[in-house]
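Below is one structure, written out as structure tokens; the observations come after it.
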Amino acid sequence: MNDIKSFKIKKVILLKMIFAAIFSCLMLNAYAGMQSYHIQYHKDSKINNVSLSNTEVLIEFHRGGNSLGRLLTKTNEAQDITIDNTYGNNLVIHVLFIDKEGKRIRCWGVSTAKINIIEIQCDKVVSLKKVKGNTEVTTDSTH
């Protein structure tokens with residue numbers, strides 16, 4: 000009878016240890032994947048007068064030369080974006096455009112290894128068109 004109680008106690012302790020280990024790994028993984036990148040204008044950017052704070056940014060993820068997907072995210076007050084890196088090491092981020100106050104500005108910039116600053120160059124505002132009824136109306140001009 001004591002053997003049965005001993006076995007049940009050991010089984011419960013083992014299950015608690017397993018759940019604690021799984022929970023610890025999940026919590027560790029949740030924080031290990033978050034990465035922050037600072038976005039700033041390159042010195043040669045033709046457009047650099049648009050604030051990068053609280054701006055929508057379309058980024059594309061690459062690893063080993065292959066595209067892994069795109070993400071539309073928003074910068075904070077300090078011009079930083081935070082992503083959940085589920086792709087692992089050697090992730091490269093390309094900035095494709097920024098969208099500020101209804102103006103989409105074509106940009107490019109690439110992250111580099113071990114540096115969390117992405118310098119972007121922007122060259123023109125891309126026209127966005129809204130459809131009103133059966134006609135297209137241009138909301139801004141191309142520069």
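Take numbering that gives the first Met the number 0: the last position of the sequence shown gets the number 142, and nothing is skipped along the way. The C-beta atom is built at its ideal place from N, Cα and C for all residues, glycine as well.
- Residue pairing by DSSP places residue 119 opposite 40 in a beta bridge.
- With three or more CB-CB distances shorter than 8 Å, the stretch 54-71 counts as touching the stretch 82-100.
- Counting the other Cβ atoms within 10 Å of the Cβ of residue 51 gives 16 or more, which makes it buried.
- A Cβ-Cβ contact shorter than 8 Å links residue 91 with residue 62.
- Here the alpha carbons of residue 15 and residue 77 stand approximately 43 Å from one another.
- DSSP lists 57 and 105 as the bridge partner or partners of residue 96.
- With distances taken between CA atoms, residue 81 lies nearest to 32 out of 20, 21 and 32.
- With 16 or more other Cβ atoms from the protein chains shown falling within 10 Å of its own Cβ, residue 108 counts as buried.
- The stretch 112-123 makes contact with the stretch 38-46; the number of CB pairs closer than 8 Å reaches 3 or more.
- DSSP lists 83 as the bridge partner or partners of residue 33.
- Boundaries of the beta strand (DSSP E) harbouring residue 65: 65-73, taken from the DSSP string.
- Just so you know, the alpha carbons of residue 116 and residue 102 end up roughly 24 Å apart.
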